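Participant: Pasting in a structure now, in C-alpha cells, and then I'll have a few things to ask.
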Amino acid sequence: MLSLMTVVGSTETQIWLKDEIARLSVRLAQARSAADKYALLRSLVRLQGGRMDREWVHSRFPDLNPDAATRFGLAVGLTAVRLLDERHEPSPEGFWAAQDLDVSLRRQRENLPPDAILLRYTGYADYRSEGQKAAVHSLVTMPKGASLMVCLPTGSGKSLLFQLAAARMREASRGSSVVVITPTVSLALDHERTLSRMPGLEGSRALVGGMHPVDRANLVDAFRRGEIPLLFMSPEIALGSVREYLIEAATSPAEKLETLGAHISAVFIDEAHIVESWGRSFRPDFQRLPGLVQELRSRNSDLQCVLLSATLPPSAREVLRSSYKSQRGWGEVDAATPRREFDIVVQRYRDAEARLKAVDFVIDRAPRPLIVYTTLAGDEEDDRGLRDLRLSASELYARLKSRGYDRIALFSGEVSSTSERSQIVRDWADDKIDVIVATSAFGMGVDKANVRSVVHACLPDSPARYYQEIGRAARDGRQGLAVCLFTDADRDGVKDDVSHARSTATSSWITKEVATPRWDAMLQASSNSRWIGDRRALTIDLDAMRQGITLSTDFNRRWNMSILNLLQRARMLDVVSCSHEPNQFKWDIEIREPSLLASGVDEVWDRVFSLRDNEQAVARTEVRHFIDIVRRPQDVCVLRAVFELLQERYTDEISSCGRCPGCRARGEIFEAEPLHRYSADIWPAGPLAMPLKLPPGLTLIIPEDTTFSRDLVPLIARLSSSGVEQVVVPDDIALDCAVGLKMSGARLGLVVNHSSIAANEAGLARIPTAVLLRSRDDASIRVLEAITRWKDLAALPEPLLIVTSPSIELNGRRLDQTLSIRAPYFEDSLGHFSILDPVA
C-alpha cells in the first residue's frame, strides 16, 4: 500500500493530490522503459512528501535498481524509496527551491454565478472569472457586423466564447456556422476532440493539412450543407482551397442552391497575438485574414469577428485594431492578469555542453507531464558547428531517446503528417505521453490542465512567447515549474540563444531596397486594372520577379506577400481577395494611396517605412528588455517584469510573485493578489428584441419582499415579461435569479452579482436592467454608489429599474427623492405601465 502524506489543506486539495497520485501510478504501470519509470517514480515520491514504501514500489517496478535510480535523484533503501538530497550537486540556481512541493491551490477559481444564456446553451453552471463573464456579456450584446478583441489569461476559458456563439446562432438558424482560425494543427485537433463530447456541437470539425482527399472532400461538403457548427482551420487553408466555400457560405441563401445550407455568422481568430509576429514573414497569410473577413462581410454585412488571446503586447494590439476595426462597431475586453502558479528558474550558460548537462539534469527530475521547448525545429542551417550553441528539437528528442526515454514525442515543423500530429495530441490528452519536445507550435490553447513543468532549452524570441509557453503548465491552478536554460556566450561570431532571439525578433523585416523593386515588378506584372468606386483595383501576380531573379519560388512569393502586407498595414492598399488556383498565386488589391502607382515617389515609401521602423523599434525594445530580465533575473521579479512588457495599461497594483530568482534573492514571499480589475468596452444600446413595456429612464419598484428571502420566481418572471434582460442582484440569490430567467424565457438573462460591481470599471450592458437592493446592506450601498457614478457619466442602462424599499438612503437621502424623477411603482405593476400611474 502506498502511504499518503499528511496533507494540510482543504478537502479539495486532498482530492486533487489523491487523483494526481493515482494518475501517475497508472502511468508508471503503463511505462516500459526504465528511464520513464524512474522519472515517473520521482514525481510520485515527490507528491508523497519525499518518501514511499519500497514494497509498493517493487510491486509495480520489480526491476528497480538502486544504482540506476541515483541518476533521477532517488535513493532506494531497504524499506523505502526517497528523494536524494542533491543540493550540493551542480544544478541551475534556484532549482531546489522551485522543486519544493506545494499542494495548495495557487489560482483561485472565482466561480461566478451563471447567466440564463450560459445555462441554456452550455453545460457550465458558473464562470471561471470576472474577465470570462465580462467577455461573454460583450459577445452576446455586440452589434451585428462588429468586431471584438478579448484578452483573457491562459486557462480562463476563452473557448467558451465561440462555443456559446455557435450554440446560440445554431438555434436561431439551423445552418449557422462559426469559423475559427487557429494557428496550429494541435490546437485545431484539440478543439475538435473537446467538442466531440459537447451536446449540440459534437459535429464540429477541424480541417487540417494532410487529410486524405476523400475525408477532406466529405468534410467540406458537410460544411457546405450546414451540418458543421464550428469549423477550425489555419489561415493558409482559409485563404486557399476552401476560400470559395467560405464565401459561398457567407452568401445570402436567396443567391445559392437550397441544398447549400451553410451560413457563416461569425469568424473567430484564436491566439490572435501571433497575427502581428508570425504574419510579418514567417506565415504572411495571418496578415491576409483582414482581407478575407472584409470579403466575407461584403456577402454578409452582419458577420461578426472576434479576436482571442491570452497575451497581447501593445504592438499586437495596434496591428489588430488597425486591421479588424469595423464601421459597425469595435470593442475590447482586457482581463489579462499575471499567472502566479509557477516556480521560476532562469539560468544562462556560456557554452553548449554546460547547458546540455543542465537540460539532462532537469528533465530527469522535473515533475511530469512536461513540455520542453526549443527555438530550432531541426538542422535548418547547414553550417551549424562548434560555434553554434543552440539546441534543436530534433537533436534533443534524439538525445532523450538515447537516454532511455520512450514515453516522449517530437512535435515540430519536421513532423508534417496530420495523422501523426493527431495521434500525438490524442496520446498527450490521454496521458500516454509524459514528455513533449516541441517548438512553439505545440501547446497553444491545448486544454491539458495538469502539465506540471515547462522547460525552455532556448531563449524565446519575445516576452510574449515566453509568457505564453510557461502558461501551458499548471492550467489547473496548482504548482507549476518553469525553467529557462539558455546559452549566452556574448562573443562575436557565436550563434547562441540570445543572439538568435534578438535576430528573430528584429531581422525578419523588409528594407526599402528590397521592397521598391519588388513592388515595381508586381505593378508591371499586374492585370485586370479597373475602378471600384473611387479606387483603382489591380490583380497582383505573386510570382512577379524583380530584376535579377530568373525563377519564382515559394521564397519569392513570400517576400511579395510580406510587402503587400506591409503596404496594407500602412493603409496604402487593401488586400481584397486571394486566389490559390493550381499554380496561380494572385491577390486582388484596391489602392488607397494613388501616388503608390507613380514612379519615384519617395514620400510614399518614407511613410511606409516610417511605420516599419516604428514596428521594428518596438520589437527591438521588447526583446532588449526581455534579454535584460533573463540575464539578471535576481534583480527583478521575473514574472511581474515580463507581464508588464505585455501591457499597455497601468500595472503598478501587481505584486511580486514570490517564486522567481529575484523574489527568492530578496526573500519576498507570495502574497494573495489584490482584486484585479478588468476593462470592457460597453456597446451602445441596440434595437430591442421585443416591444418594451418599461418607461424610459430610471424607475423605482417596490418589491413584495424587500429582503428577497422568499420565492423569487414571481418577481423574476414579472421582470422578464416586462422586457428586463439583465439583473444586478445580491450574491446569495444570483444563481436562483439565473435559473428563474432561464425558466422565464429571457433572451439573454444576464446576471451581475453585487460583489462583481467592485471589479467593473466600465459599467453595465446597455440593455433593459433591474437592480435588486436590500436595506441596511453594505453591498447594496456600494452598488448604489456605482450607479450614481455611472449616472453622472451618462453610462446607465436604458431603461433601468431599481427594485428596493423606497426608504433606502444614499448619503442621507431617500432614493425616491434623488435617483428617479417619478414616484415608485409596486411590483405587481410590472407589465402594466401603459395603464397605471405611479404610487403617490
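Per our numbering, the sequence shown starts with residue 198, numbered consecutively.
All residues carry an ideal CB built from backbone N, CA and C; glycine is no exception.
None of the values given here were measured: they were computed from a predicted structure.
1. What does C860 pair with, by DSSP beta-bridge criteria?
2. For R303 and D585, what's the separation of their Cα atoms in angstroms?
3. Between which two residues does the alpha helix (DSSP H) carrying L517 extend?
4. Mind checking whether A155 and L237 have CB atoms under 8 Å apart?
5. Please work out which residues of its chain come closer than 7 Å, Cβ to Cβ, to T149, disregarding the five sequence neighbours upstream and downstream, and give them in chain order.
6. In whole angstroms, what is the alpha-carbon distance linking L793 and V801?
7. Could you check where the beta strand (DSSP E) with E455 kicks off and where it finishes?
8. Count the other C-beta atoms from every protein chain shown that fall within 10 angstroms of the C-beta of N415, then say buried if there are 16 or more, exposed otherwise.
9. List the whole-angstrom C-beta distance separating Q544 from L682, where the pair is believed to meet the contact cut-off of C-beta under 8 Å.
10. By DSSP, does T203 sit in helix, in strand, or in coil?
11. Measure the C-alpha to C-alpha separation of W728 and R496 and round it to an integer number of angstroms.
12. So, does the region 817-825 touch the region 759-769, judging by three or more C-beta pairs under 8 Å?
13. Any idea which residues DSSP pairs F683 with across the strands?
14. What residue does the beta strand (DSSP E) around Q923 start on, and which one ends it?
15. Thinking C-alpha only, which one of W756, D785, P396, D418 is nearest S726?
16. Kindly provide the ranges of any beta strand (DSSP E) runs that are 3 or more residues long and lie completely inside the region 648-682, ordered along the chain.
17. Can you give the Cα-Cα distance for Q329 and N308, rounded to whole angstroms?
18. Based on Cα-Cα distance, which residue from I633, R662, S619 lies nearest to V648?
19. Beta strand (DSSP E) containing C854: first to last residue?
20. Since Y442 sits in a beta bridge, which residues does DSSP pair it with?
21. Quick one: grab the DSSP three-state call for S918.
22. Are the Cβ atoms of V464 and V516 separated by less than 8 Å?
23. Can you give me the C-alpha to C-alpha distance between D1013 and G342, rounded to a whole angstrom?
24. If we cut at 8 Å on Cβ distances, does G745 have a partner in chain C?
25. Can you tell me which of the three DSSP states E492 falls into?
26. What does the alpha-carbon distance come out to for the pair P714 and D810?
27. Between which two residues does the alpha helix (DSSP H) harbouring F292 extend?
28. When the Cα atoms are used, what is the spatial distance from R525 to L336?
29. Taking the Cβ atom as the reference point for each residue, do S423 and G458 lie within a distance shorter than 8 Å?
30. Could you check what DSSP says for W880 in three-state terms: helix, strand or coil?
31. DSSP three-state label for R1019, please.
32. May I ask you to list the residues that DSSP assigns as paired with I314?
33. Less than 6 Å between C-beta atoms, sequence neighbours within five positions excluded: which residues of the same chain meet that for A712?
34. Verify whether the separation of the beta carbon atoms of A313 and A935 is less than 8 Å.
35. State yes or no: is the C-beta of V1000 within less than 8 Å of the C-beta of L969?
36. Identify every residue that forms a DSSP beta bridge with V376.
Facilitator: On the basis of the coordinates in this document:
1. Mapped onto the sequence shown, residue 860 falls at position 663. Note: C860 sits in no beta bridge, so no partner.
2. As a position in the sequence shown, residue 303 is number 106, starting the count at 1. As a position in the sequence shown, residue 585 is number 388, starting the count at 1. Rounded to the nearest whole angstrom, the CA to CA distance from R303 to D585 is 39 Å.
3. Counting from 1 along the sequence shown, the entry for residue 517 is found at position 320. According to the DSSP assignment, L517 belongs to the alpha helix (DSSP H) that extends over 511-521.
4. Residue coverage of the chain in this structure runs from 198 to 1037, which leaves residue 155 outside it and unanswerable.
5. Nothing can be reported for residue 149: it is not among the residues displayed for the chain, which extend from 198 to 1037.
6. Within the sequence shown, the letter at position 596 stands for residue 793. Within the sequence shown, the letter at position 604 stands for residue 801. Spanning the two alpha carbons is a distance of roughly 7 Å.
7. Walking along the sequence shown from the start, residue 455 turns up at place 258. Neither: E455 is in no beta strand (DSSP E) and is coded neither H nor E.
8. What you label residue 415 is simply residue 218 of the sequence shown in a count that begins at 1. An exposed status is given to N415, since fewer than 16 other beta-carbon atoms sit within 10 Å of its beta-carbon.
9. As a first step, residue 544 must be located in the sequence shown, where it is residue number 347. As a first step, residue 682 must be located in the sequence shown, where it is residue number 485. The pair is a contact, with the Cβ atoms about 5 Å apart (cut-off 8 Å).
10. Locating residue 203 in the sequence shown gives position 6, where the first residue counts as 1. Note that T203 scores a pLDDT of 41, beneath 50, so its modelled location is shaky; the value from the coordinates is reported in the next line. Collapsing the DSSP output to three states places T203 in coil.
11. Position 531 of the sequence shown holds residue 728. Position 299 of the sequence shown holds residue 496. The straight-line gap from Cα to Cα measures roughly 20 Å.
12. A contact between stretches requires three or more CB pairs, one per stretch, nearer than 8 Å, and the region 817-825 fails this requirement with the region 759-769.
13. As a working mapping, residue 683 is identified with position 486 in the sequence shown. DSSP links F683 through a beta bridge to R545.
14. For the purposes of this step, residue 923 is taken as the residue at position 726 of the sequence shown. DSSP places Q923 in the uninterrupted beta strand (DSSP E) bounded by 923-926.
15. Sequence index remark: in the sequence shown, residue 726 carries index 529 (1-based). When only C-alpha atoms are compared, the closest one is D785.
16. Segments of the beta strand (DSSP E) lying fully in the region 648-682: 650-653.
17. Your numbering for residue 329 matches position 132 in the sequence shown. Your numbering for residue 308 matches position 111 in the sequence shown. A direct Cα-Cα distance of roughly 11 Å separates Q329 from N308.
18. Looking up residue 648 in the sequence shown gives position 451. Among I633, R662, S619, the Cα nearest to that of V648 belongs to I633.
19. As a position in the sequence shown, residue 854 is number 657, starting the count at 1. Unbroken run through C854: none, as it is neither H nor E.
20. To locate residue 442, count along the sequence shown from 1; it is residue 245. DSSP output for Y442 lists no bridge partner at all.
21. Here the question's residue 918 lines up with position 721 in the sequence shown. Looking at S918 - three-state DSSP - the assignment turns out to be helix.
22. Within the sequence shown, the letter at position 267 stands for residue 464. Within the sequence shown, the letter at position 319 stands for residue 516. If you check the CB distance, V464 and V516 do not come in under 8 Å.
23. Locating residue 1013 in the sequence shown gives position 816, where the first residue counts as 1. Locating residue 342 in the sequence shown gives position 145, where the first residue counts as 1. Per the coordinates, the alpha-carbon of D1013 lies some 40 Å from the alpha-carbon of G342.
24. The question asks about chain C, but that chain is absent: this structure has only one protein chain.
25. Taking the first residue of the sequence shown as 1, we reach residue 492 at position 295. DSSP places E492 in helix when its eight states are reduced to three.
26. By 1-based counting over the sequence shown, the position of residue 714 is 517. By 1-based counting over the sequence shown, the position of residue 810 is 613. Approximately 19 Å between the Cα atoms of the pair.
27. Looking up residue 292 in the sequence shown gives position 95. Looking at the DSSP string, the run of the alpha helix (DSSP H) that includes F292 is 292-296.
28. Looking up residue 525 in the sequence shown gives position 328. Looking up residue 336 in the sequence shown gives position 139. The straight-line gap from Cα to Cα measures roughly 14 Å.
29. Along the sequence shown, one-based indexing puts residue 423 at 226. Along the sequence shown, one-based indexing puts residue 458 at 261. Going by the sequence as given, residue 423 is Gly instead of Ser. In terms of Cβ geometry, G423 and G458 form a close pair [threshold 8 Å].
30. Here residue 880 refers to the residue found at position 683 of the sequence shown. For W880, the secondary structure class from DSSP, reduced to helix, strand or coil, is coil.
31. Counted from its first residue, the sequence shown places residue 1019 at position 822. Looking at R1019 - three-state DSSP - the assignment turns out to be coil, as it is neither helix nor strand.
32. To locate residue 314, count along the sequence shown from 1; it is residue 117. Beta-bridge pairing links I314 to no other residue.
33. For the purposes of this step, residue 712 is taken as the residue at position 515 of the sequence shown. Spatial neighbours of A712 in its own chain (CB-CB distance under 6 Å, excluding positions within 5 residues in sequence) are listed in chain order as I760.
34. One-based indexing of the sequence shown puts residue 313 at position 116. One-based indexing of the sequence shown puts residue 935 at position 738. Yes, these two residues count as a Cβ contact at 8 Å.
35. In the sequence shown, residue 1000 corresponds to position 803, counting from 1. In the sequence shown, residue 969 corresponds to position 772, counting from 1. Yes, these two residues count as a Cβ contact at 8 Å.
36. On the sequence shown, residue 376 is found 179 positions in, with the first residue counted as 1. Beta-bridge pairing links V376 to L428, V464.
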